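Just so you know, we're using the numbering used here here: the first sequence kicks off at 1 and counts up by one.
Right, one structure below, let's go through it.
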Amino acid sequence: MNNNNKNLSEKINLIYRILFNSLGHQYWWPGDSAFEVCVGAILTQNTNWQNVKKAIDNLKNNGLLTAKGLYALDISMLAEFIRPAGYYNIKSKRLKSFLSFLCEEFSCDIDEMFSLESETLRKKLLDVKGIGPETADSIMLYAGNHLQFVVDAYTYRILLRHDIIHEDAGYDDIKELFQQNLPGEINVYNECHALIVNIGKNYCKKTNPICDKCPLKNI
DNA sequence: TGCCAGGCCGGGT
DNA sequence: ACCCGGCATGGC
1 MNNNNKNLSE KINLIYRILF NSLGHQYWWP GDSAFEVCVG AILTQNTNWQ NVKKAIDNLK
61 NNGLLTAKGL YALDISMLAE FIRPAGYYNI KSKRLKSFLS FLCEEFSCDI DEMFSLESET
121 LRKKLLDVKG IGPETADSIM LYAGNHLQFV VDAYTYRILL RHDIIHEDAG YDDIKELFQQ
181 NLPGEINVYN ECHALIVNIG KNYCKKTNPI CDKCPLKNI
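Set out below in structure tokens:
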């Protein structure tokens, strides 16, 4: 291992350690069931979680937050229920394509879906229209306890601002950076991504490039 | 008020 | 293989 890699490895571990020591457990993903996490992962695409929560509560309050319930629900009605989450027409389609996958290949049984081997499951999820790399990894890690690190826009922005990546780094580049340097534990992946989102929302906004209070300011 | 939020797809180069 | 417009609500 050369010096560059060693520095990189230390920085990645430092980020995790500093964030965990300053912010502690994040208790992710919010949700009462694995299925709810999957729905939330699709609804939160490019969307504030507050809005997603309203949409999920709508479904929950109407007893529709089950695979069979949503699979049977008319798509235009589904769109109305999830309206607060934004992009409601496209997201209703995306939810439906996931539900077709779940219900037609796994009898609406999410445990059966997650019993697939990781590499196989990830490929299948990426074939579902509306599920890209971040959504697939979120579903796998937070709903299914598969060891997949989740990368998002905050991760990219934070690493870029600290000169840990080049601006042309892609999703898989960044994912590998964490997976090759962090301990390979579900709990570490879980907390690390959640901590990055926390810090991103609070200290690394687009319009607020520098923040003295950011725990990562000295790395 | 305008900008942003825990992306992804499809069409055009 | 990239690049970009479109998708839409609610909060600060």
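All C-beta atoms, glycine included, are put in the ideal place defined by N, C-alpha and C.
In this text the structure is predicted, and so the values were computed from the model without any measurement.
Have a look at leucine 14 and leucine 78 and give me their C-alpha separation to the nearest angstrom. 43 angstroms
Check whether glycine 144 and methionine 113 have beta carbons under 9 angstroms apart: yes
Confirm, please, whether the CB-CB distance from isoleucine 12 to proline 215 is below 9 angstroms. no
Do alanine 85 and threonine 44 come within 9 angstroms of each other at the CB atom, strictly closer than that value? yes
For leucine 147, the nearest candidate out of Arg122, Glu167 and His166 (CA to CA): Arg122
Please identify the residue among Lys124, Ile90 and Tyr71 whose C-alpha is closest to the C-alpha of cysteine 103. Tyr71
Starting from the C-beta of phenylalanine 81, find all residues in its chain whose C-beta is less than 6 angstroms away, skip the five residues before and the five after it, and write them out in chain order. Asn58 and Leu59
Residue closest to glycine 130, alpha-carbon to alpha-carbon, out of Tyr88, Tyr16 and Gly170: Tyr88
Mark methionine 1 as exposed unless 16 or more other C-beta atoms lie within 10 angstroms of its C-beta, in which case mark it buried. Caution is warranted here: a pLDDT of 49 is assigned to methionine 1, below 50, making its placement in the model unreliable, and the coordinate value is therefore given only provisionally. Counting Cβ neighbours within 10 Å, methionine 1 comes out exposed, since fewer than 16 surround it.
Between the Cα of aspartate 109 and those of Glu119, Asn181 and Phe98, spot the shortest distance and give me the residue it belongs to. Phe98
Could you tell me the boundaries of the alpha helix (DSSP H) in which threonine 155 lies? 153–161
Measuring straight from C-alpha to C-alpha, what distance separates aspartate 173 and aspartate 212? 29 angstroms
To the nearest angstrom, how far is the alpha carbon of alanine 55 from that of asparagine 7? 43 angstroms
Which same chain residues, not among the five before or five after tyrosine 31, have their C-beta less than 7 angstroms away from its C-beta? Looking at the sequence provided, one finds glycine at residue 31 rather than tyrosine. Excluding positions up to five away in sequence, the list reads Val37 and Gly40.
Would aspartate 137 pass as a contact of lysine 175 if the rule is Cβ separation under 9 angstroms? yes
Distance, alanine 67 Cα to lysine 124 Cα: 18 angstroms
May I have a chain-ordered list of the beta strand (DSSP E) segments no shorter than 3 residues that lie completely inside the stretch 56–97? none
Given asparagine 198, which residues of its chain have a CB within under 8 angstroms of its CB, disregarding the five upstream and five downstream residues? Leu19, Leu23 and Gln26
Mapping DSSP to helix, strand and coil, what is proline 247? Because the chain in this structure spans residues 1 to 219, residue 247 falls outside the shown range and cannot be described.
Looking at the unbroken alpha helix (DSSP H) that takes in leucine 147, where does it start and where does it end? Segment: none, leucine 147 is in no alpha helix (DSSP H) and carries neither H nor E.
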